[in-house]
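First the structure, in the form of structure tokens, and then the observations on it.
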Amino acid sequence: MLQSSVYAFLKAHKSVFKTRFKRGLVLLSDNYKNAIACSDVAKFLGFETFILPDFRAIFGDDLRSYQEELRAIFTTLKSFYASEGNKILCAPVSTLLYSMPNAQSLQEKLLKVGDSIEFKNFKEDLLHFGYEFVDLVELSGEVSIRGDIIDIFTPNSVEPYRIALFDNEIESIRRFDLQSQLCAKEELESLEISPAFLALNAESYTLLEQSIANLISGNNFLDTSGNSGIMGFGFWCLDEINIGQDLLNAYPFFTLPFTKDFVKEILGFNEYNQQKLQRILESEEVPQTLEYQDFSYNFNTLKDFLEFHKTKSITILARTEAQVRQAGIALSDSAYEIQLGLDIALNILGKESVILSLNTPQKAQKHAKAKILLDELNVGDYVVHCDYGIAIFSGITQANIFGATRDFILLRYLGDDKLLLPVENLDRIDRYIADSGGIPILDRLGKGSFAKLKEKVKEKLFVLANAIIALAAKRELMDGIALDTQKEEILIFQHQSGFDYTQDQIEAVEEIFRDLSNGRVMDRLLSGDVGFGKTEVAMNAMFVAFLSGYQSAMIAPTTLLTYQHFNTLKERFAPFGLRLARLDRYVRAKEKKQILEDLKQGNLDAVVGTHALLNADFKNLALMVVDEEHKFGVKQKEKIKDLSQNIHLLSMSATPIPRTLNMALSQIKGLSELKTPPSERQATRTFVKSYDATLLKEVVMREMRRGGQVFYIHNNIATIVQKKDEILKIIPKLRIAILHSRIPAQDTEDIVLEFAKGGYDMLLCTSIVESGIHLPNANTILVDRSDCFGIADLHQLRGRVGRGNKEGFCYLFVEDFAHITEDAKKRLLALERNSFLGSGGALAYHDLEIRGGGNLLGEAQSGHIKNIGYSLYLRMLEEAIFTLSGNVEQKAAQVDIKLSITAFLNPELIESERLRLEIYRRLSKCEDEKAVFALEAEIEERFGRLDIYTRQFLDLIRIKIIARNCGIANVMNFQQSITFSNLQGEKVNIKADSKDEDDILRAVFAYLKEKK
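This is the structure we're talking about:
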């Protein structure tokens, strides 16, 4: 009744709106969805509408993980205050329970090309606006000042801006791309800098800092210095610095139907301002109407619906003409008033009129926030050198060699042996990644033991690669069952999923259909995170098999996964008459016998089960879907291989596969990836807190109130039972299950299954509940001693919650802030600030990707992987596959350049070592001169004009690339004589005009040019 009531109310007040609500009107809803529905009505009636997002923080919460909502609130309010027309603000109650910033505090600062900037004042203004000063801009609200270049990421822009100065004058303003760091061609005349927090001056800024200090005194939060504290707690102190205003006092307001029920419900929680809630309960309500009613229609029966109401005046709303045509309505049809270009969802039925919208209600848009993936090497990380083995990375160091200064990477080996690696050869090392994060054993220099180890691994890899290729060749020669993928029912099936497929899902389905219909045997791997819709894609394939009259089977490694898949499949397939059964150890013997008999006779169309299925006989099996294949045992894997030789095989995996391995494998196996989260998925809010009993109780009770469950990660088996007693003392009635690696596999499955069915409130476990498991009802995770986990682990833990359409909360507990390392502090802060998949995510993804590559090949190799690390292992595997499949990629020979030329990326030009390292790494991977020139242009654009040392370093990289292409192995000089040696050891000597560095470079380039 919501939209119809608002429609009747606003229609009745339209003529008197200017006089009765001349400053504007506020309508309060119980949630964001209803606020959108209400605004759609107002928009249709010609009002200017503004919507505030749902903001459910509680006074005193750390708001660093609510930045997106605050941003949206401030932007919307700014437009609302500025509007002069008949304006309506639709907002969820929970958002307007606090004071909001006034119009003054949302002012922007305008910069124009040609303006002069007073540097000191400009920096102060940005500080008071809430900007964070960093060396590389990655997130909104950050600014980086390097000499006469200012990079700034204003909160409401999609891309950051780069301002170039000439002395104090603004010379140009351009947007730039976060990934490439390169500017757009188009220059802007001016730039409005909106506050990262609010537009404060020095006085109000100092006052705010004091208010925050009073607010959080006694509480132990992580870093609250500078703008980090203001972002976290500034919003609660608006009234103290006189820039707050209560919108429910400033504007007349009405509540929508159902809103007061919600207010009564939250009154009982004692978390919000009681007087304000009481005032809302006593306020005026939009009356429920009898004149109109809300309705919904089925797209398939739309024609009949319109026919039934043809005597009324019918208005049809649509975004595009295509929607109208799709609904089978002629645009020229005079029976309807068709309004195009309206993105609103509004369906109202009256006695004389019908308003019908062909749009679906809008969902919040997902912004994929890209980060620059620095394959970050930090001092103290373990790395693997592909010739000398495992070492500790100790940063960049300068050394004088042959009378010239150069940058080197310092690697420490066993017995404090040191290796200086020229930065141009940075591509020879990789981060050491292996399973279970154990500490690797360092290699010793000069013993040749690493070379022997590599040889051993290489032999094993050839055997492995051979098996992979043989299997592929065998499948290539077989004729597969061609299935019909063009049937009408498939579209109906997809439409009934109740959501729109993501672009990735659409592509994956198309690729699978191509494989199924071309008469070859399909062998495809579908990878994507849990909850990204792999099962939906697989069901499309199973449905196609069913329509063509064949059977399909889905096999999963655990009973829990089969239970979940079975429920999903049953729900989706039921309307289409597909006969489905489940086969695992919970099925009674008698039923089991019957199921196996039905499969043999062809009385079942599809079956979901554990490895028990591998011994079944089918009448006409056409498709086998295997979930999390790498978790099956070796014998079971063999069985799957035998079974699936002449039928279509689709494997699903929740761990991503590395891109490079993709290339090698794609000649053998089809690969589809799902990388976009479904549109309902919300980011998980992360808080870093010191552990205390009241907080624990509050967090658990808050999750229980919304009917959810909780994970509690306690990574110590010895004290886990003690922990359970401790929690029960705080919350006596809690149903807690304990899980850890020493509990037998069958019991583990029973416990998790019981948890999935809602039998427990909390799962208290060591590091983690199995990754492939989808537990959409558990949406809060608490991590004990979070400072002891690596960023990738924390990231994965956080990914366990917020998978359904509910918002996830992740609390990282720390015993004592005073005693944790700087590094841990940084890690936790990064997680708290980036609720989205930020650089930690990219890094975790990268680790995972590399592990996923290892998993793909089975467990038997893990010993070797431990010795040489995943990255090198995968490099060698790729080479083996390429060599055997006849696509011999010529392994580029290493070129040794020993020219006495001072060349390095100058720290005066690029201050941050992290950025220098990243550029060195990218230069070492350049394959041709074009790539080097592109990087040169980028350096110039990001950091200013190149100095002589930086330019000479780029010249050396070019020499290395040309020499490699000419088959030269070594270039060296002594004073002005220069020697080139080729791969066969033959030498050529030339002389430069003098021993000056530029003369030597000129001579080398001239010689190489001839050779080219």
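Residue 989 in my numbering sits at position 977 of the sequence shown; the count goes up by one each step and never skips. Don't be surprised by glycine CBs; every beta carbon is placed ideally from N, CA and C. If you're wondering where the values come from, they're calculated on a predicted model, not measured in any experiment.
Please go through the same chain and pick out, in chain order, the residues whose beta-carbon is closer than 7 Å to the beta-carbon of N994, but skip the five residues on each side of it.
Excluding positions up to five away in sequence, the list reads G979, I980 and A981.
Do T107 and I85 come within 8 Å of each other at the CB atom, strictly closer than that value?
Going by C-beta atoms, I85 is nearer than 8 Å to T107.
Cβ shell of L746 (< 8 Å), same chain only, five flanking positions each side left out:
Take L746, set aside five residues on each side of it, and the residues of its chain with a beta-carbon closer than 8 Å to its own are V712, I739, L740, D773 and M774, in chain order.
Could you compute how far the alpha carbon of G543 sits from the alpha carbon of E603?
Note on geometry: alpha-carbon atoms of G543 and E603 lie some 31 Å from one another.
Looking at V556: is its Cβ nearer than 8 Å to the Cβ of I502?
For the 8 Å CB-CB criterion, V556 and I502 form a contact.
Here's the rule: buried if 16 or more other CB atoms are within 10 angstroms of the residue's CB, otherwise exposed. What is Q79?
By the Cβ-count criterion, Q79 is buried, with 16 or more other Cβ atoms from all chains shown falling within 10 Å of its own Cβ.
Whole-angstrom distance between N728 and E715, CA atom to CA atom
Here the alpha carbon of E715 sits roughly 24 Å from the alpha carbon of N728.
Which full runs of the alpha helix (DSSP H) of 4+ residues lie inside the stretch 58-145, going along the chain?
Listed in chain order, they are 79-94 and 131-140.
Proximity of Q988 and K1003 at Cβ, strictly below 8 Å:
Yes, they are a contact pair.
Examine the Cβ distances between the stretch 45-59 and the stretch 354-363 and report whether three or more of them are shorter than 8 Å.
Output reads yes: the stretch 354-363 touches the stretch 45-59.
Terminal residues of the alpha helix (DSSP H) in which L293 lies:
From DSSP, the alpha helix (DSSP H) with L293 extends over Q286 to L293.
Between the Cα of D455 and those of V395, L422 and Q351, spot the shortest distance and give me the residue it belongs to.
Ranked by how close their Cα comes to the Cα of D455, the residues V395, L422 and Q351 have V395 in first place.
When you compare only the Cα positions, how much space is there between Y724 and K272?
Straight across, the Cα-Cα distance linking Y724 with K272 is about 35 Å.
The stretch 431-447 / the stretch 880-894 touching (three or more Cβ pairs under 8 Å)
Taking a contact to require three or more Cβ pairs closer than 8 Å, the stretch 431-447 and the stretch 880-894 qualify as touching.
In the DSSP assignment, the alpha helix (DSSP H) including Y44 goes from what residue to what residue?
Under the DSSP assignment, Y44 falls in the alpha helix (DSSP H) whose first and last residues are Y44 to F56.
A382 versus D940: straight-line alpha-carbon distance, rounded:
Low local confidence applies: a pLDDT of 33 at A382 is under 50, so the model's placement there is unreliable, and no value is given.
Straight-line CA distance for V1016 to I413?
Taking the straight line joining both Cα atoms gives about 19 Å.
Would you call the CB atoms of F992 and Y1019 closer than 8 Å?
Contact check for F992 against Y1019 passes: the beta carbons are separated by less than 8 Å.
Helix or strand or just coil, what does DSSP make of Q758?
DSSP places Q758 in the helix class (H, G or I) of the three-state scheme.
Per DSSP, the bridge partner or partners of Q721:
Per DSSP, the beta-bridge partners of Q721 are A790.
Mind pulling the beta strand (DSSP E) runs of 3 or more residues that sit fully within the stretch 298-337?
Qualifying beta strand (DSSP E) stretches, in chain order: 304-306 and 325-330.
When you compare only the Cα positions, how much space is there between L188 and A915?
Reading off the sequence, residue 188 comes out as Phe, not Leu. Their backbone Cα atoms lie some 29 Å apart in a straight line.
Is it buried or exposed for H831, if we count other Cβ within 10 angstroms and need 16 for buried?
The residue is exposed, with fewer than 16 neighbouring Cβ atoms inside 10 Å.
Which of helix, strand or coil does DSSP assign to F21?
In the structure shown, F21 sits in a helix (DSSP, three-state: H, G or I).
For G852, count neighbouring C-beta atoms within 10 Å of its own C-beta (all shown protein chains included) and say buried if the count is 16 or more, exposed if not.
Only weak support exists for where G852 lies, its pLDDT of 43 falling under 50; the coordinates are left without a value.
Counting C-beta neighbours from all protein chains within 10 Å, is the total for M551 16 or more, i.e. buried, or is it exposed?
Buried, by the Cβ-count rule.
Based on Cα-Cα distance, which residue from I182, G142, F209 and I205 lies nearest to E171?
For the set I182, G142, F209 and I205, the Cα lying nearest the Cα of E171 is the one of I205.
What separation, rounded to the nearest whole angstrom, lies between the Cα atoms of M566 and A628?
Near 13 Å, if we compare the C-alpha coordinates of A628 and M566.
Within 10 Å of its beta-carbon, does I453 have 16 or more other beta-carbons around it, so buried, or fewer, so exposed?
Label assigned to I453: exposed.
So the beta strand (DSSP E) H660 belongs to, where does it begin and stop?
Counting along the chain, the beta strand (DSSP E) containing H660 begins and ends at H660 to S665.
N789 and G771 closer than 8 Å at C-beta:
Cβ distance not < 8 Å, so N789 and G771 don't count as in contact.
Rounded to the nearest angstrom, what separates D1011 and D959 at their Cα positions?
Taking the straight line from one Cα to the other gives about 18 Å.
Every unbroken beta strand (DSSP E) within the stretch 546-590, with a cutoff of 3 residues, ordered by chain:
Here the runs fully enclosed are 563-567.
Which complete beta strand (DSSP E) runs does the stretch 612-663 hold, if anything under 3 residues is left out?
Listed in chain order, they are 618-621 and 633-639.
I'd like to know whether the C-beta atoms of A330 and L370 end up nearer to each other than 8 Å.
Yes; because the gap between Cβ atoms is below 8 Å, this pair is in contact.
Using the C-alpha atoms, what's the distance from I909 back to S1006?
S1006 and I909: Cα-Cα distance of roughly 19 Å.
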